[in-house]
Structures are given as structure tokens and as C-alpha cells.
Amino acid sequence: MEGLLCIRVSTEASDPDIAAAMTVMTSAFPPQYGEAWSAPQLASMMRLPGSILVLGWLDEQPIGFGLLRSIAGEAELLLLAVDPRYRGRSHGRRLLDRCMTEAEGTGARTMFLEVRAGNPAIHLYSKAGLRQYNIRRDYYVGSNGVRFDALSFKIILGHD
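Sequential numbering from -13 applies to the sequence shown in the working numbering.
Here it is as C-alpha cells:
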């Protein structure tokens, strides 16, 4: 039986936080889609104002993360990943919910994300209340040159 998911939030990700996220990134993003970021890209994003890294741990093992940036009342979920060995256990939903909570805490009223058409995570985003509002044709380029559409989603955060 696995332990309870522990979530840690960082606005100034340390080298160990970046390494933990990269462990998940390597396992979670199939290389043929070209979606994974490099450690320098992730570290560079974390140096920008409004960047937040949400890390999920099970028994001291990183199993998922979310990366968002919040600025001027809007947030963008840049990456969300769960190690494939831990999918289907609500960890992705817990990480997504925490990302939305963190975005709200910065004053963001809306959160956006883009996802590759056909990505199984679309079901997760839809169940969480995000709604598709646009398609960017041929936005992503896979490692073999194949192009994929990007679906744009958004959600209004909080309640009035």
C-alpha cells in the first residue's frame, strides 16, 4: 500500500526541486511529442516572477508536479505531469487542484493552459472544470517532425 501524497510548493525552486521535477518529466512525457522541458528551461522559468512549482511526493519519491506562472490577475498552467506508474490514482487531480489554489492565492481570476490534442490529460482538465476555447493548428512539433494541434483551455477561479 502506498503512502499519502505529500505536496510541496516552491516559488524559488532549489536544485533538488528541479531535479525532482526532472525525474518525473523524463518518465511522464513521451519523447515523440517534444513536450518535455530541459532542466535549464525549468530553472530559467523558476527565476521569473510569479512562477510556482508544485511537487507531489509519495514515500520521499517525486511522482508528479505542476508548474504555473501567475501575473496580472491571470495564471497559466505550463506543465502538469504524473509518473505513469502512479496515474489513475487521483494524484494528477490533487496536483491540478493545488495549482488552481496557488493561482487563486496570487490573485489570479483565470487560469489558462494548452495541451496537445489527443493527450489523455484532457479528460482530467475537463472534469476539473476547464473548458476548451481555442485550437492552435500544428502548434507542437514532435521529435520526428510530426505536428500536433494545441487545445487552449481556461477556467474562472474562485467564487463571487
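Built from N, CA and C at the ideal position, the CB exists for glycine as well.
Problem set entry | Closest residue to ARG55 among THR96, GLN18, TYR72 (Cα-Cα distance) | THR96
For this session: Buried or exposed for ARG84, please, with buried defined as at least 16 other CB atoms from any protein chain shown within 10 angstroms of its CB.
Result: buried
For this session: Ignoring anything shorter than 3 residues or poking outside the segment 86 to 142, list the beta strand (DSSP E) runs there in chain order.
Result: 96 to 102, 117 to 127, 133 to 142
For this session: Go ahead and pull the three-state DSSP assignment for LEU82.
Result: helix
Exercise. Under 8 Å, do VAL68 and ILE38 count as touching if we go by C-beta distance?
Worked result: no
Exercise. With DSSP run on the structure shown, which of helix, strand or coil describes PRO26?
Worked result: helix
Exercise. Among residues of its own chain, excluding the 5 on either side of LEU116, which ones have a beta-carbon nearer than 6 Å to its beta-carbon?
Worked result: PHE139, ILE141
For this session: Take LEU53 and list the residues in its own chain whose beta-carbon comes closer than 6 Å to its own, dropping the five residues that flank it on each side.
Result: LEU39, LEU64, LEU65
Exercise. Does the distance from the CB of ILE57 to the CB of PRO35 come in under 8 Å?
Worked result: yes
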